[in-house]
Amino acid sequence: MLSGVLHPLWPSVAVGGSAGPRGRSAALWAVWWVGGVGCSGLSRNYYQLQLAAVSLRSPFGYTEAAIEGGLAAGAALAAVAPPPLREHSWSLLLGSTLSAAALYLACARGAAAGSLPLVVGGNVLSAALFGFQRATGAASLAAALPERRDALLFALLSFAALGAASLLQAAGAAARLDAGGYYLLCAAAQLPLPAAMLTRWAVRAVRARRRRAPEAAGGSAHT
1 MLSGVLHPLW PSVAVGGSAG PRGRSAALWA VWWVGGVGCS GLSRNYYQLQ LAAVSLRSPF
61 GYTEAAIEGG LAAGAALAAV APPPLREHSW SLLLGSTLSA AALYLACARG AAAGSLPLVV
121 GGNVLSAALF GFQRATGAAS LAAALPERRD ALLFALLSFA ALGAASLLQA AGAAARLDAG
181 GYYLLCAAAQ LPLPAAMLTR WAVRAVRARR RRAPEAAGGS AHT
């Protein structure tokens, strides 16, 4: 069943695949969905513990409202983003994922330093960024798949994200991490996708350079 749902994306995942930019973009967003959605859900389980670690008088209710507002604002920004921005999906995904890692680190640092503004601001900005990523990724996936399959794909990806969050939570519990430690786990979980993207880009660049080298040498010989 899963292979049938994801069949349009397989050429994008394979090295040297022949799928167009839309398919390649959707494949990357599908991979992001597992870690991005999973870590966002996990961090939402621990942000109140971060606030409590700083002060029991922290504005818990206002922070929760601001986080929900950030999610909505991020999704709205994705909806009104100019087409040129949405067309650079590779750069957008890379930059936003690295930014998410930085924000998770900022939240962990804020909790360790007892900085309430850093904890609140980091969580709100992280929520806004996630809202933007989720809306952009959902649009990319929906555009690449037949209408009858997109709902099933989102269900499968959300289930995989829940599994990823459960694994991270189990690892954190085994290591007896505090709330900041879980945020560090979330930050680390953002890095494999950008690393894979940059590695593949570098490999393709080296191959392209090697292909051009004989042509350049041949042109020099003729002159």
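Residues 1 to 223 (UniProt numbering) are what the sequence shown spells out, left to right.
Note that beta-carbon positions come from the ideal geometry of N, C-alpha and C, so glycine has one too.
Here the C-alpha atom of Ser91 lies approximately 24 Å from the C-alpha atom of Asp150. Between Gly110 and Gly70, the C-beta gap is not smaller than 8 Å, which leaves the two residues out of contact. Under the DSSP assignment, Arg134 falls in the alpha helix (DSSP H) whose first and last residues are Leu116 to Ala144. Leu185 sits close to Leu168, with the two beta carbons spaced by under 8 Å.
When secondary structure is reduced to three states using DSSP, Arg207 falls in the helix class.
A residue is called buried when at least 16 other Cβ atoms come within 10 angstroms of its Cβ; Trp29 meets this threshold and is buried. Here Leu168 carries a helix assignment [DSSP, helix/strand/coil].
Here Asp178 carries a coil assignment [DSSP, helix/strand/coil]. Excluding five sequence positions before and after Leu191, the CB atoms of its chain that fall closer than 7 Å to its own CB belong to Ala101, given in chain order. Nearest to Ala78 by alpha-carbon distance, out of Ser43, Leu129 and Ala65, is Leu129. Per DSSP, Arg57 lies in no alpha helix (DSSP H) and is assigned neither H nor E. Per DSSP, the unbroken alpha helix (DSSP H) holding Tyr104 starts and ends at Ser89 to Ala113. Shown here for Ser25: same chain residues with a beta carbon closer than 6 Å to its own, the five before and five after excluded, namely Ser89 and Ser140 in chain order. With at least 16 other beta carbons inside 10 angstroms of its own, Val124 counts as buried.
Under the 10 Å beta carbon count, Arg134 is surrounded by 16 or more other beta carbons and is classified as buried. Pairing Val203 with Pro194, the inter-Cα distance amounts to about 14 Å. For the pair of segments examined, the region 104-120 was found not to touch the region 206-213: the number of CB pairs separated by less than 8 Å stays below three. The C-beta of Trp33 has 16 or more other C-beta atoms within 10 Å across all chains shown, which makes the residue buried.
With distances taken between CA atoms, Ser126 lies nearest to Ala72 out of Ala72, Ala213, Phe159 and Arg200. Contact check for Tyr104 against Ser158 fails: the beta carbons are separated by 8 Å or more.
In this structure, the CA atom of Thr136 is about 8 Å from the CA atom of Ala75. Scanning its chain for C-beta atoms nearer than 7 Å, with the 5 sequence neighbours on each side dropped, one finds around Gly180 the residues Gln50, Ala108, Ala111 and Ala112, in chain order. Excluding residues up to 5 positions away in sequence, Leu116 lie with their Cβ nearer than 7 Å to the Cβ of Ser55 in the same chain.
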